[in-house]
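Structure first, commentary second.
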Amino acid sequence: MERPIIGHEWAVDLLLKGLTIGRVSHATLIVGPPNIGKATIARVFAQALNCTGEAPVPCGECVSCRKVISGNHPDVRVLDAPGQSLKIDEVRGLQRELSLSPHESRWRVVVLCEFERATAEAANALLKTLEEPPAQVVLILTATEADVLLPTIVSRCQVLSLRPLPVTLVKEALVSRWGADPVQAELLARLSGGRLGWAVRALEDEELLARRDEHLGDLASLMSKGRVDRLAYAAGLSRDPESAKGALALWLGWWRDVLLLASGSRVPVTNVDQGAMLHQQAEQVTLRQAQRMVAQLQSTIRNLDQNVNLRLALEVLLLSLPSVDGNIGR
Ligand SMILES: [Zn+2]
């Protein structure tokens, strides 16, 4: 059988080794950037814990594995509602379930995705379970960073910190497992920054790349526009926070590329399909301006995680975007 997970071998091996030698950690926290594979690893480990097939586990074919894959295993619960916060009632419900023995398998497994979104009450309630985990229970939490969780939660978990995969590995996987065209795979792998989940989504959802073109085009044309247009654009973009966050991440990648070229670096750029446009912009701005834009985009993205006013943050950012004369090609 091919490995169920691409990359992150050390993390998967660590979890499976614990299982093989009979030392399963009752609580694991998997941290890493969005769409990097945290929930995938959690699901595969949930399969492995209850797999009844032949080694190496998970076999992916036994009744138990198939139930986990289809989301119908009575002893495996995955709470993965993107963007929604975990409430205390849900934690109490889980705790009632966890106090019972598993229905049909060895372990009761609960996967709580994006645990940073849990309310403070919910996190505190879960702490009780982490302090005195019932036998035969395994909890797996995922989060973008350990720093944003209660230290008391983190200290009771085995923490696995996932890093982005090498771009070449993402590219190969897109071609060999998802049948992507090599040129497109190269672009998506670079744009993904090593997050395979993102690259696969972009491959399957053409809108994602269309939105990228739109946001890059907007950025270029705003540079030749004045204050009024920039403020109007900030107001419009702020009405859709998810889209605004996507645009900011994209613009950061773009300005990093401009900075690389402006500084004469030979490190490959991310936006491989936009070489001409990148070179043009790198000539139109100073090194200092490129540095400032990268720094400002980074701090804007960080501030948004702290719930600052989105519209105001976008206004400040776009007003400091360097101005160029005339239309620059888009
Ligand atoms: Zn199995």
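For the working numbering, add 806 to where a residue sits in the sequence shown, where the first one is 1. We put the CB at the ideal spot given by N, CA and C, even for glycine.
Considering only heavy atoms of ligand 1, does any lie closer than 7 Å to the CB of residue i?
{"i": "V863", "result": "yes"}
{"i": "S870", "result": "yes"}
{"i": "T925", "result": "no"}
{"i": "Q853", "result": "yes"}
{"i": "C919", "result": "no"}
{"i": "L866", "result": "In the sequence under discussion, the amino acid at residue 866 is Gly, which differs from the Leu named in the question. Yes, the beta carbon of G866 sits closer than 7 Å to at least one heavy atom of ligand 1."}
{"i": "G859", "result": "yes"}
Could you please give the first and the last residue of the uninterrupted beta strand (DSSP E) stretch that includes residue i?
{"i": "A952", "result": "Note, A952: premise wrong, no beta strand (DSSP E); not H, not E."}
{"i": "T834", "result": "A833 to V837"}
Got a sec, what are the start and stop residues for the alpha helix (DSSP H) residue i sits in?
{"i": "L1058", "result": "P1047 to A1068"}
{"i": "R1094", "result": "L1093 to D1111"}
{"i": "I812", "result": "Where I812 is concerned, there is no enclosing alpha helix (DSSP H), given that its DSSP letter is neither H nor E."}
{"i": "L1118", "result": "L1116 to L1125"}
{"i": "V850", "result": "K844 to N856"}
{"i": "G866", "result": "Element bounds for G866: n/a, residue is neither H nor E."}
{"i": "V1006", "result": "L1002 to E1010"}
{"i": "Q1087", "result": "G1081 to Q1090"}
With a threshold of 8 Å between beta carbons, is residue i in contact with chain E?
{"i": "L1015", "result": "Here there is only one protein chain, and chain E is not present."}
My assumption, with CB atoms under 8 Å, is that residue i sits in contact with residue j. Please give the rounded CB distance.
{"i": "V960", "j": "L835", "result": "6 Å"}
{"i": "L1123", "j": "L1116", "result": "Actually they do not touch by this definition, with Cβ atoms about 11 Å apart."}
{"i": "V1064", "j": "V1091", "result": "7 Å"}
{"i": "L918", "j": "L956", "result": "Their Cβ separation, rounded to whole angstroms, is 13 Å, which puts L918 and L956 out of contact at 8 Å."}
{"i": "A1040", "j": "L1120", "result": "4 Å"}
{"i": "T935", "j": "L904", "result": "7 Å"}
Those runs of the alpha helix (DSSP H) which lie wholly inside the region 922 to 989 and span at least 4 residues: Considered as a whole, the region 922 to 989 harbours 926 to 937, 957 to 960 and 973 to 982 as its complete alpha helix (DSSP H) runs of no fewer than 4 residues, in chain order.
Whole alpha helix (DSSP H) elements within the region 1015 to 1048, 4-residue minimum: Scanning the region 1015 to 1048 from its first residue to its last, the whole alpha helix (DSSP H) runs of 4-plus residues come out as 1033 to 1044.
Uninterrupted alpha helix (DSSP H) stretches inside the region 874 to 926 (no shorter than 4 residues): Complete alpha helix (DSSP H) runs here, min 4: 894 to 904.
The region 992 to 1006 in contact with the region 856 to 875 per 3-pair CB rule at 8 Å: no
Inter-stretch contact at 8 Å, needing at least 3 Cβ pairs: the region 982 to 1002 / the region 817 to 833: no
Inter-stretch contact at 8 Å, needing at least 3 Cβ pairs: the region 1120 to 1131 / the region 1083 to 1095: yes
Cβ contact (3+ pairs, closer than 8 Å) linking the region 841 to 851 and the region 977 to 986: no
Validate contact between the region 942 to 949 and the region 859 to 868 using beta carbons, cut 8 Å, 3 pairs: no
Cβ contact (3+ pairs, closer than 8 Å) linking the region 819 to 827 and the region 926 to 944: no
Given 8 Å, three or more beta-carbon pairs between the region 1010 to 1027 and the region 1099 to 1110: no
Segment contact flag, the region 1077 to 1087 with the region 1034 to 1052, C-beta cutoff 8 Å, min 3 pairs: no
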